[in-house]
Amino acid sequence: MERRRFIQNATMVSALGLMAPWDAISHNLKDSALPVYCQEFTWLTYFDREGKEWHKDLAKSLDKLAPNTLHGMEVLMEMHQGFPKTFSQIQKAQLKPISMFASPTLHLEDTAERHISKLLKIGKRLKQMGVNVIVVNPEAKEEGPVEHKTDNELIIQTKALDVLGAGFRKMGIRMLFHNHEIEMQNDAKEFLHALNGTQPENMGLCVDADWIYKGTGSLQTLYDLVGTYVGRIGELHLRQTVDGVWAETFGQGDIDYGHIADLLLQNGQRPALVLEQAVDDETPHTMAPMEAMKISLSNVREVFSEFGK
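Heads up: the sequence shown is residues -17 to 291, going by our numbering.
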């Protein structure tokens, strides 16, 4: 289930706030550990399958489970616009708020102008909080069966992305384009339109390998795209599947993340590592959220160990 659909369907979208017991993680953080961050979507899905609201049960869970060496988080703007409080709580817990994830509508001209204006205002607040990265995944068309955007809508969207990215760049914020499955369909038409129609200095790339693979149906296409746009990659969203199903933990599976790591290192790129191992109805359920997180963090650091050298 894509992040946007999960957020729309979830019953837990009440006032957002991280609890002070995040100190249970941060106090055990080793300075030598390779920095790995986590996307909020991970916590939402793991806690949802336990029948819990993650921001309410987090303190209790952290009291019971061994702390993990997590460095910080990327949060969702969609959570009732609660990101200022969220970032504040992350900082109080001595964790790094690495970025914010947003899904503006940019393929409709009037709406795009409003969303650009809104996001640039938000950008000023992000900068004040010490956040220098925003990850943008333009909203998909939601009418009836999902339709792909028309050529004209893609032209409008790509122009809006370039304008938005340029505005963020003037503030000292790096904007990264993120994809879900639909942008990779039709021979990755929307993805390629966005990347080839914007200036690299205005828009980088947040690679979600799982969605690229699902959308194109080709691992080789995934690796080729990483190689082609390697200079623009500023962040990786890390999620593994086994036979197409989201795994309970990040580890061996369909995608060769070791190969992706090699491609990046060969080109001198060390993007931020953001764990987004999520669960859905088909995912095996054998452990609690924090246990899964601990295993996933360990495996991420093993696969990307050369990033720390």
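Glycine included, C-beta positions come from ideal geometry on N, C-alpha and C. Every value quoted in this text rests on a predicted model; they were computed, and no experiment measured them.
Hey, quick one: how far does the beta strand (DSSP E) through residue 254 stretch, first residue to last? DSSP places residue 254 inside the beta strand (DSSP E), whose first and last residues are 254 to 257.
Going by DSSP in three states, residue 221 sits in which element: helix, strand or coil? coil
Between residue 257 and residue 201, is the Cβ-Cβ spacing less than 7 angstroms? Cβ distance not < 7 angstroms, so residue 257 and residue 201 don't count as in contact.
So, with DSSP's three-state summary, where would you put residue 79? Residue state for residue 79 is assigned as strand, using DSSP reduced to three classes.
Measure the alpha-carbon distance for residue 105 versus residue 153 and round it to whole angstroms. 8 angstroms
Please work out which residues of its chain come closer than 8 angstroms, Cβ to Cβ, to residue 130, disregarding the five sequence neighbours upstream and downstream, and give them in chain order. 123, 164, 167, 168, 171, 172
Would you mind giving the Cβ-Cβ distance between residue 243 and residue 282, rounded to the nearest angstrom? I have them listed as a contact below 8 angstroms. That belief does not hold up - the Cβ atoms of residue 243 and residue 282 are roughly 10 angstroms apart, past 8 angstroms.
Proximal residues to residue 290 (C-beta, below 6 angstroms), its chain only, five neighbours per side dropped: 16
Residue 295 burial status per 10 Å Cβ neighbour count (16 or more: buried): Residue numbering for the chain in the displayed model covers -17 to 291; residue 295 lies beyond these limits and cannot be assessed.
Tell me the residue span of the alpha helix (DSSP H) that contains residue 208. In the DSSP annotation of this structure, the continuous segment of the alpha helix (DSSP H) that includes residue 208 starts and ends at 201 to 210.
Any chance the region 181 to 191 sits against the region 136 to 147, with 3 or more Cβ pairs inside 8 angstroms? yes
Measuring CB to CB, does residue 137 end up less than 7 angstroms from residue 91? no
Decide if residue 279 is buried, meaning its Cβ has at least 16 other Cβ atoms within 10 Å, or exposed. buried
Cβ of residue 117 within 7 angstroms of Cβ of residue 83? Against a cut-off of 7 angstroms, the Cβ pair of residue 83 and residue 117 comes out as a contact.
When you compare each of 161, 222, 239, 248 to residue 194 by their alpha carbons, which one comes out closest? 161
What residue range does the beta strand (DSSP E) around residue 58 cover? Unbroken beta strand (DSSP E) run through residue 58: 54 to 58.
Just the Cα atoms here: how many angstroms apart are residue 272 and residue 133? 44 angstroms
Residues of its chain near residue 111, where Cβ-Cβ distance is below 6 angstroms and the 5 sequence neighbours each way are ignored: Closer than 6 angstroms at the Cβ level, and outside the excluded window around residue 111, lie 69.
Could you check where the alpha helix (DSSP H) with residue 283 kicks off and where it finishes? 271 to 285 is the span of the alpha helix (DSSP H), which, as asked, contains residue 283.
Does chain B have any CB closer than 7 angstroms to the CB of residue 247? Protein chain content of the structure displayed is limited to a single chain, and chain B is not contained in it.
I believe residue 56 touches residue 80 by the beta-carbon criterion, under 8 angstroms. Please report the beta-carbon distance rounded to the nearest angstrom. 5 angstroms
According to the Cβ coordinates, are residue 85 and residue 121 closer than 7 angstroms? yes
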